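> First, the structure itself, so that you have it in front of you.
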Amino acid sequence: MTLNLRQAATLCVALSICALLVVPGNFPGLSGDARITLGVFAIATCAWIGTPIDDTYIALGAGLALTATGVITSDTLFGTLGDDTVWLLICAFVMAAAVARTGLAGRAAAFLVTGARTVRQLVHLTCAALVVTAFAVPATSGRAALALPVFIALAKALADRKRLVVMLALLFPTVILLSAVATLIGAGAHLITVSVLWEATGESIGFAEWLLIGLPLAIVSSHLAAEVVLFTTTKRADRTGPVHITAEEIQQHTEAPVTGPWSPAEARCALLMATVVALWCSEPLHRVPPAVVALIGAVVAASPALGTVKLKDALKTVPWSMLLFMAATMAMGVALADSGAAKWLVGGVPLDVPAWAFLAVVVLVSTLAHLVLQSRSARSSVLVPLVVAAAVGAGVNPVAAALASTAAAGFCHTLPASAKPVTLYSDIPGIPTYAPRDLLRMSAVLAPLTAALVLLFAVAVWPLVGVPVTP
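Start counting the sequence shown at 660; every next residue gets the next number (this note's numbering).
So, in structure tokens, the structure goes:
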């Protein structure tokens, strides 16, 4: 098998790092476990960046190597599969399958977008609908797939206005990616961040706390992005023309009814989701862990009497590969923290800077990281342990730094291959969508705006809700 230039370069980098770590005289003060961890970490990161090998396979190989060499125990490796956050995501996907089966998403979309009379109203109503889906469907790829029929219906209704169709094609993945920060289950990277913070600092972030921190940022960034997409992909004439989309036009592209009385299954599913979200948000009152609430919801959603989907069918929608990836990278995070490797890595970095400057660097690096690491979870697996260790040394609250890094890493819109939702909406048969130049033009404006917004929230807004900049 021949190696291309990128693969050869990353292989050379990984081997060079490992060769330096093997020599005992190099890097005095670095323990044996830390050397092994850094070597495995370097190989895994280079493999994620420069090879087509599946991300999960690489993560599992790294976790196995750390276990075989004694850096972490087998209990640590396998215990991550039983972590609360993994169960939370499994159960959330089961409930999402129930929602998808009933067609509630199409009904909600029809209710919102049919009220639009101007292009700007259509854009912001669509944006609001996509933000809400973060509470019902975990993972950005799942939300993108769920919203695809709605986009196709809108595209068919606006077929004579090509630039508006291209704008909507760009709007859907953009908002889906930026609004993921609204909830703990919005992306697997969030669960990795929570796990790293717990292992490294003992700080726990629940569903309600994340909601308080992330939802305002998701709303502001999503609607800001909607305006950016609107202005970078359309002309004044496109924006001033009226729009009128009917429920009948949306109905043509979905099997479930979008108007009329609710079916008993729709009513039960809506009540279940409202109850689960309410229990998640009120966790500080009843103290029932979010994973237990999610498990109760999943059992009810798949029950023979009250459910709307069979359990075996719902479990088929769970992205088991992503869960294994999360578990393995959680184990890698434990190894980085416990071996002292993360602390050593940031030991030579000048940390005597103001807290806002430290956070600005974290946000900048995390925003640009998608150009190197395409997997959002992989970015958090690499960055968050290092950010947490550096924050402690810089006198910055590690929770604020980790959250800022994770939120900034949600920007991944520069290339069609930067994120799965962007790839999905870039090529839809029979519908005009965006070209790479459209992404680059939008990203040139949106990247600095979202980075500045995350920094603003970290410095000025999050301290108001209990996440100060300094401990």
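Yeah, the Cβ is synthetic: ideal placement off N, Cα and C, and Gly gets one too.
Bear in mind that the values here come from a model prediction, so they are computed numbers and not experimental data.
Is the beta carbon of ARG1038 less than 9 Å from the beta carbon of ALA1076?
Going by C-beta atoms, ARG1038 is not nearer than 9 Å to ALA1076.
> Cα-Cα, which of VAL1058, LEU983, VAL1118 and THR1129 is closest to THR715?
Closest by alpha carbon: LEU983.
> Can you grab the Cα-Cα spacing for the pair SER1034 / VAL672, in whole Å?
So the alpha carbons of these two residues sit roughly 20 Å apart.
> According to DSSP, simplified to helix, strand and coil, what is THR777?
Three-state result, THR777: strand.
> So which of ALA812, TYR1084 and THR669 has the shortest CA-CA distance to ILE702?
It is THR669.
> My understanding is that ALA986 touches VAL745, with C-beta atoms under 8 Å, so please give their C-beta distance in whole angstroms.
The pair is a contact, with the Cβ atoms about 6 Å apart (cut-off 8 Å).
> Find out if the Cβ-Cβ distance for the pair GLY873, LEU843 is shorter than 9 Å.
Yes. Within cutoff.
> Checking contacts by CB at 9 Å: is ALA1014 closer than that to chain D?
Absent from the structure: chain D. Only one protein chain is present.
> With DSSP as the reference, label ILE904 as helix, strand or coil.
In this structure, ILE904 counts as coil in the three-state DSSP scheme.
> Specify, as a first and last residue, the run of the alpha helix (DSSP H) that PRO1080 falls within.
First-last of the alpha helix (DSSP H) with PRO1080: 1079-1085.
> Let me make sure I understand the geometry here. Which of HIS882, PHE686, TRP1003 and ARG766 has the alpha-carbon closest to that of GLU907?
Among HIS882, PHE686, TRP1003 and ARG766, the Cα nearest to that of GLU907 is on ARG766.
> Any idea if MET660 is buried or exposed, counting beta-carbon neighbours within 10 angstroms, 16 or more meaning buried?
Only weak support is given to the placement of MET660: the predicted model assigns it a pLDDT of 42, under 50, and the value that follows is read from those uncertain coordinates. Counting Cβ neighbours within 10 Å, MET660 comes out exposed, since fewer than 16 surround it.
> Measure the Cβ-Cβ separation of PRO797 and GLY845 and say whether it is below 9 Å.
Yes.
> Go ahead and pull the three-state DSSP assignment for ILE731.
The answer is coil: DSSP assigns ILE731 none of H, G, I, E or B.
> Buried or exposed for GLY847, going by 16 or more other Cβ atoms inside 10 Å?
Buried, because 16 or more other Cβ atoms sit within 10 Å of the Cβ of GLY847.
> Classify LEU1099 as buried or exposed, calling it buried when 16 or more other Cβ atoms lie within 10 Å of its own Cβ.
By the 10 Å Cβ count, LEU1099 comes out exposed.
> Starting from the C-beta of ALA693, find all residues in its chain whose C-beta is less than 8 Å away, skip the five residues before and the five after it, and write them out in chain order.
Excluding residues within five positions, the ones whose Cβ falls inside 8 Å are SER998, GLY999, ALA1000 and TRP1003.
> Around the C-beta of TRP1015, are 16 or more other C-beta atoms found within 10 angstroms, so that it is buried, or is it exposed?
So TRP1015 counts as exposed.
> Rounded to the nearest angstrom, what separates THR967 and ALA933 at their Cα positions?
Approximately 15 Å between the Cα atoms of the pair.
> Do the CB positions of ALA793 and ALA706 come within less than 9 Å of each other?
No, the Cβ-Cβ distance between ALA793 and ALA706 is not below 9 Å.
> Which whole-angstrom value is the C-beta distance of LEU763 and VAL772, which I expect to be below 8 Å?
The Cβ separation is near 15 Å, so there is no contact.
> Looking only at its chain, what residues have a beta carbon closer than 6 Å to the beta carbon of CYS786, apart from the 5 residues adjacent to it on each side?
Only VAL834, SER881, HIS882 and ALA885 meet the Cβ criterion.
> DSSP state of ILE835, grouped into three classes?
Three-state result, ILE835: helix.
> Any idea if GLY900 is buried or exposed, counting beta-carbon neighbours within 10 angstroms, 16 or more meaning buried?
GLY900 is exposed by the Cβ-count criterion.
> Let me make sure I understand the geometry here. Which of ALA1117, VAL778 and THR905 has the alpha-carbon closest to that of ALA812?
Selected option, being the one with the closest Cα: THR905.
> Could you tell me which whole alpha helix (DSSP H) segments of length 4 or greater appear in the region 818-873?
821-838 and 847-860, all fully within the region 818-873.
> Name, in chain order, the residues that DSSP records as bridge partners for ILE1090.
In the DSSP output, where bridge partners are listed per residue, ILE1090 has ILE1087.
> I need the DSSP call for LYS815, collapsed to helix, strand or coil.
Here LYS815 sits in helix by DSSP.
> I need the straight-line Cα distance from PHE890 to CYS928, nearest angstrom please.
Roughly 38 Å separates the two Cα atoms.
> Can you give the beta carbon distance from ALA1059 to ALA1117, rounded, assuming they're within the 8 Å contact cut?
Their Cβ separation, rounded to whole angstroms, is 6 Å, which keeps ALA1059 and ALA1117 in contact under 8 Å.
> So, with DSSP's three-state summary, where would you put TRP921?
TRP921 falls in the coil class under three-state DSSP.
> Which value, in whole angstroms, describes the spacing of the CA atoms of HIS945 and LEU1074?
For HIS945 and LEU1074, the distance between alpha carbons rounds to 44 Å.
> For ASN685, collect the residues of the same chain with a Cβ closer than 6 Å to its Cβ; drop the 5 residues on either side in sequence, then sort them by chain order.
Excluding sequence neighbours, ASN685 sits near LEU679.
> Closest to ASP750 by CA distance: which of ASP972, GLU868, VAL681 and ALA667 is it?
Correcting the residue type first, residue 750 is Cys in the shown sequence and not Asp. Looking at the Cα atoms, ASP972 is the closest of the given residues.
> Looking only at C-alpha atoms, which of ALA803, PRO808, SER863 and SER980 sits nearest to SER838?
Answer by Cα proximity: ALA803.
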